[in-house]
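To start, the structure under review is shown below, and the notes come after it.
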Amino acid sequence: MSTQPRIDSAIPGELPSFATVTAHSPEIMARFFDLYAEFWQGGEVPAELKELTRMRNARVTDCGY
Amino acid sequence: MGWIQSSGVTEDLTGVLGHRPELQEKFQAFTEAIEADAALSPAILNLCRAQVQFVHGGADPKHHGLTDAEACAVRIADLMPHGYHNIEDADVTALVKHFGERGAVNLLTATSFYDVSARLTKVWALEGRG
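Next comes the structure, spelled out in structure tokens:
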């Protein structure tokens, strides 16, 4: 898998990142971050445990993000 | 019966997510935004959804006579669940060629979340419930 960004940033002058690439589709980006914020900020599971599972998932899936 | 009881709204993924109404609402708004984006046709999204579900053990969509653009989209959908490391630069370049950068972002996002939905449906034992 490439380590170089495959889609340019949608925001002039900014490097490609998850946010600036997703910004090609502003409505989808907005709804995604609404969902992501709710996932992290709401619910019964402590944020520390969510972060632990996020890191484990990233390791298992070989994600460097 | 699924392993987690529905919240009572419906007996499917939406029903279980209803235990977290705010999360369910935002999950639905997000998936609706994917479906509503004009960069991709509903037909392309349906092809991708069917292919992701097939990879997860669903019915074989038996694609025939796909256009180059459709074949490119289905290849991404085929790889996203278990083979995303095998998505090559050329695959994404082809996506951008056929659908533009916005369409490529939408398609990659859509296939990722079709995968999420399929995984949740499996883990929550909700197959055949909507």
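Top line first, the protein sequences correspond to chains D and P. This note's numbering puts the first residue of the first sequence at 227, with every later residue one more than the last. This note's numbering puts the first residue of the second sequence at 21, with every later residue one more than the last. Note that CB positions come from ideal geometry on N, CA and C, so glycine has one too.
Taking the alpha helix (DSSP H) that D/Trp266 falls in, what are its first and last residues?
As a position in the first sequence, residue 266 of chain D is number 40, starting the count at 1. Unbroken alpha helix (DSSP H) run through D/Trp266: 252-267.
Looking at the secondary structure, which residues open and close the alpha helix (DSSP H) in which D/Pro272 lies?
Along the first sequence, read from residue 1 onward, the residue named residue 272 of chain D stands at position 46. Counting along the chain, D/Pro272 falls outside any alpha helix (DSSP H), and DSSP gives it neither H nor E.
Leaving out five residues before and five after P/Phe74 in sequence, what residues of the same chain have Cβ atoms less than 6 Å from its Cβ?
Here residue 74 of chain P is taken as the residue at index 54 of the second sequence, counted from 1. In its chain, beyond the 5 residues on either side, Asp80, Pro81 have a beta carbon closer than 6 Å to the beta carbon of P/Phe74.
What whole-angstrom Cβ distance do D/Ile233 and P/Glu108 have, given they're in contact under 8 Å?
Translated into positions along the first sequence, residue 233 of chain D becomes position 7. Translated into positions along the second sequence, residue 108 of chain P becomes position 88. D/Ile233 to P/Glu108, Cβ: 14 Å. No contact.
Inter-residue spacing [alpha-carbon to alpha-carbon] between D/Arg280 and P/Leu99:
Looking up residue 280 of chain D in the first sequence gives position 54. Looking up residue 99 of chain P in the second sequence gives position 79. A straight-line Cα-Cα distance of about 22 Å links D/Arg280 and P/Leu99.
Here's the rule I'm using: 16 or more other beta-carbon atoms within 10 Å means buried, otherwise exposed. How should P/Gly77 be labelled?
Locating residue 77 of chain P in the second sequence gives position 57, counting from the first residue. Residue burial annotation: P/Gly77 is exposed, with fewer than 16 other C-beta atoms found within 10 angstroms of its C-beta.
Proximal residues, the stretch 123-142 of chain P versus chain D, C-beta separation under 8 Å:
Of all residues in the stretch 123-142 of chain P, Ala124, Val125, Asn126, Thr129 have a Cβ within less than 8 Å of some Cβ in chain D.
Contacting positions in the stretch 232-264 of chain D - beta carbon closer than 9 Å to chain P
Across the stretch 232-264 of chain D, CB contacts with chain P closer than 9 Å involve Arg232, Ile233, Asp234, Ala236, Val247, Thr248, Ala249, His250, Ser251, Glu253, Ile254, Met255, Ala256, Arg257, Phe258, Asp260, Leu261, Tyr262, Ala263, Glu264, in sequence order along the chain.
For D/Ile237 versus P/Phe50, is the C-beta spacing smaller than 9 Å?
Translated into positions along the first sequence, residue 237 of chain D becomes position 11. Translated into positions along the second sequence, residue 50 of chain P becomes position 30. No, the pair does not count as a contact, with Cβ atoms beyond the cut-off.
By the three-class DSSP mapping on this structure, what secondary structure does P/Gly123 have?
Numbered from its first residue, the second sequence carries residue 123 of chain P at position 103. Note: P/Gly123 maps to helix in three-state DSSP.
For a quick check, are the C-beta atoms of P/Gly123 and P/Leu115 less than 9 Å apart?
Position 103 of the second sequence, counting from 1, holds the residue named residue 123 of chain P. Position 95 of the second sequence, counting from 1, holds the residue named residue 115 of chain P. Going by C-beta atoms, P/Gly123 is nearer than 9 Å to P/Leu115.
Heavy atom of the ligand ZN less than 8 Å from the Cβ of D/Pro252, yes or no?
Annotation note on the ligand ZN: not contained in the displayed structure, which lists no ligands.
With 16 other Cβ atoms within 10 Å as the buried cut-off, status of D/Phe258
By 1-based counting over the first sequence, the position of residue 258 of chain D is 32. By the neighbour-count rule (16 or more Cβ atoms within 10 Å), D/Phe258 is buried.
Note down, in chain order, every chain D residue with its Cβ under 8 Å from the Cβ of P/Phe50.
Walking along the second sequence from the start, residue 50 of chain P turns up at place 30. Here the neighbours are Ile254, Arg257, Phe258, Asp260, Leu261.
Under 8 Å Cβ-Cβ, which residues of chain D neighbour P/Asp57?
By one-based count along the second sequence, residue 57 of chain P stands at place 37. Correct list: Ser251, Glu253, Ile254.
Same chain, Cβ closer than 6 Å to D/Glu240, neighbours up to 5 away in sequence not counted
In the first sequence, counting from the first residue as 1, residue 240 of chain D sits at position 14. Only Thr246 meet the Cβ criterion.
Find out if the Cβ-Cβ distance for the pair P/His105, D/Asp288 is shorter than 9 Å.
Residue mapping note: residue 105 of chain P aligns to position 85 of the second sequence, counting from 1. Residue mapping note: residue 288 of chain D aligns to position 62 of the first sequence, counting from 1. A contact, by the Cβ cut-off of 9 Å.
Using the Cα positions of P/Ala93 and P/Leu67, report the straight-line distance between them to the nearest angstrom.
Counting from one through the second sequence, the residue named residue 93 of chain P turns up at place 73. Counting from one through the second sequence, the residue named residue 67 of chain P turns up at place 47. Computed Cα separation, rounded: 8 Å.
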